[in-house]
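Data block below; observations after.
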Amino acid sequence: LEARLEQANLLKKVVDAIKDLVQDCNFDCNDSGIALQAMDNSHVALVSMMLKAESFSPFRCDRNIALGINLSSLMKVLRCAQNEDILTLKADDAPDVVNLVFESSESDRLSEYDIKLMDIDQEHLGIPETEYSATISMPAAEFQRICRDLIALSESVAIEATKEGVKFSCSGDIGNGAVTLRSHTNVEKPELNVDIALSEPVALTFSLKYLVNFCKASGLSGTVKLCLSSEVPLLVEYTLASNSYLRFYLAPKIGD
Amino acid sequence: PTGQRSLATYFGNP
Numbered sequence: 005l006e007a008r009l010e011q012a013n014l015l016k017k018v019v020d021a022i023k024d025l026v027q028d029c030n031f032d033c034n035d036s037g038i039a040l041q042a043m044d045n046s047h048v049a050l051v052s053m054m055l056k057a058e059s060f061s062p063f064r065c066d067r068n069i070a071l072g073i074n075l076s077s078l079m080k081v082l083r084c085a086q087n088e089d090i091l092t093l094k095a096d097d098a099p100d101v102v103n104l105v106f107e108s109s110e111s112d113r114l115s116e117y118d119i120k121l122m123d124i125d126q127e128h129l130g131i132p133e134t135e136y137s138a139t140i141s142m143p144a145a146e147f148q149r150i151c152r153d154l155i156a157l158s159e160s161v162a163i164e165a166t167k168e169g170v171k172f173s174c175s176g177d178i179g180n181g182a183v184t185l186r187s188h189t190n191v192e193k194p195e196l197n198v199d200i201a202l203s204e205p206v207a208l209t210f211s212l213k214y215l216v217n218f219c220k221a222s223g224l225s226g227t228v229k230l231c232l233s234s235e236v237p238l239l240v241e242y243t244l245a246s247n248s249y250l251r252f253y254l255a256p257k258i259g260d
Numbered sequence: 003p004t005g006q007r008s009l010a011t012y013f014g015n016p
């Protein structure tokens, strides 16, 4: 494997966003790119990352390899990179280590690190292509704000999408709270658009603790996409450049 | 609402 990223910052942000949810994961490398799928310890949340080969320049992977990496170790090394550094990941065919090289585009500084790999026996889930009842695109910062505001009142949030809009509501010991967003197009600032595509109304309840955790990815993309259907996990998607993505799935709360 | 089911019950094995 040899994969060169223009900005080390991208991988730094991805790992930073998921390291509190999952600890040890396999980075599955093949000629289409680098993928990761891992569930949290409670098995109700799942991270699915895809960094397509096109996100790297160049990208070469001659043989499928799984790089088992402890994310806290990876984060320690990524913190040694400057945000603007060029990052090259390298691994042999049957690797014991993954090699990370940081190059400054402005100076002649070159730093090199090896991280020891681990054998990780990871359960892989088959995630079906789903036609969701509701798909909501909104500013990532807005979603983060709503989750952070509501977690002050309650541990769970009801997300209800209707043709009127999308309502995030919660109730707790001190009282209730709700935020409603309607579809909204801002020609001057398209990054503020809220788009609600609905085939049928849907209402589901989720644990805010996990949603707040997912929102750590807000720095990766201006927009977040929420996809909901009755009785299936919520998909929270941050789209990256070159069709790469960081997706989170969360099982809905169920009644007594 | 109370608990959550494991994601394995929704997604199953590939």
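Going down the list, the sequences are from chains A and B.
Per my numbering, the first sequence starts with residue 5, numbered consecutively.
Per my numbering, the second sequence starts with residue 3, numbered consecutively.
We put the CB at the ideal spot given by N, CA and C, even for glycine.
Every value quoted in this text rests on a predicted model; they were computed, and no experiment measured them.
So who's on the other strand from residue i, going by DSSP bridges?
i: A/S52; result: A/Q41, A/R251
i: A/R3; result: Nothing can be reported for residue 3 of chain A, as the shown portion of chain A is limited to 5 through 260.
i: A/H188; result: A/V198
i: A/T134; result: DSSP lists no partner for A/T134.
i: A/K16; result: DSSP output for A/K16 lists no bridge partner at all.
i: A/D28; result: A/N74
i: A/E241; result: A/K229, A/R251
i: A/R64; result: A/E6
i: A/G179; result: The partner list for A/G179 (beta bridge, DSSP) is empty, contrary to what the question assumes.
i: A/Y117; result: A/L104
As a quick exercise: from the options, pick the residue whose alpha carbon is nearest that of residue i.
i: A/N217; options: A/E204, A/S246, A/K167, A/I155; result: A/I155
i: A/V48; options: A/Y249, A/I178, A/L129, A/D100; result: A/L129
i: A/M43; options: A/K220, A/I131, A/Q11, A/V170; result: A/I131
i: A/L91; options: A/P62, A/I22, A/D97; result: A/P62
i: A/T134; options: A/A12, A/Y253, A/I258; result: A/Y253
i: A/K193; options: A/E241, A/Q148, A/P143, A/S52; result: A/P143
i: A/C231; options: A/L208, A/N247, A/G223, A/K213; result: A/L208
i: A/I124; options: A/Q27, A/K80, A/L50; result: A/Q27
i: A/E6; options: A/D177, A/S225, A/Q86, A/L71; result: A/L71
i: A/I73; options: A/R64, A/S111, A/D89, A/N30; result: A/N30
i: A/L239; options: A/G176, A/I140, A/D35; result: A/I140
i: A/L115; options: A/Q41, A/A12, A/S158; result: Per the sequence shown, residue 115 of chain A should be read as Ser rather than Leu. The shortest C-alpha separation from A/S115 is found at A/A12.
i: A/R186; options: A/L202, A/N180, A/G169; result: A/G169
i: A/S76; options: A/K23, A/R113, A/Q148, A/V161; result: A/K23
i: A/G210; options: A/D89, A/S160, A/S233, A/S234; result: First, the residue type needs correcting, since residue 210 of chain A is Phe and not Gly in the sequence shown. Answer by Cα proximity: A/S160.
With 16 other CB atoms within 10 Å as the buried threshold, where does residue i fall?
i: A/M122; result: exposed
i: A/A245; result: exposed
i: A/L14; result: buried
i: A/D32; result: buried
i: A/N45; result: exposed
i: A/I178; result: exposed
i: A/S111; result: exposed
What separation, rounded to the nearest whole angstrom, lies between the Cα atoms of residue i and residue j?
i: A/Y136; j: A/V228; result: 15 Å
i: A/L196; j: A/C174; result: 24 Å
i: A/C84; j: A/T189; result: 41 Å
i: A/A138; j: A/P205; result: 7 Å
i: A/Y214; j: A/R152; result: 11 Å
i: A/P99; j: A/D118; result: 11 Å
i: A/N87; j: A/C65; result: 25 Å
i: A/V105; j: A/R251; result: 27 Å
i: A/D20; j: A/G223; result: 10 Å
i: A/P256; j: A/I163; result: 10 Å
i: A/P237; j: A/D97; result: 36 Å
i: A/S108; j: A/E10; result: 10 Å
Which chain D residues are close to residue i, counting only those with a beta carbon under 7 Å from its beta carbon?
i: A/L50; result: No chain D is present in this structure, whose protein chains are A and B.
- [ ] Taking only beta carbons into account, state which residues of the stretch 9-32 of chain A come closer than 8 Å to chain B, listed in chain order.
- [x] none
In chain order, what residues of the stretch 116-148 of chain A put their CB closer than 9 Å to some CB of chain B? E127, H128, L129, G130, I131, P132
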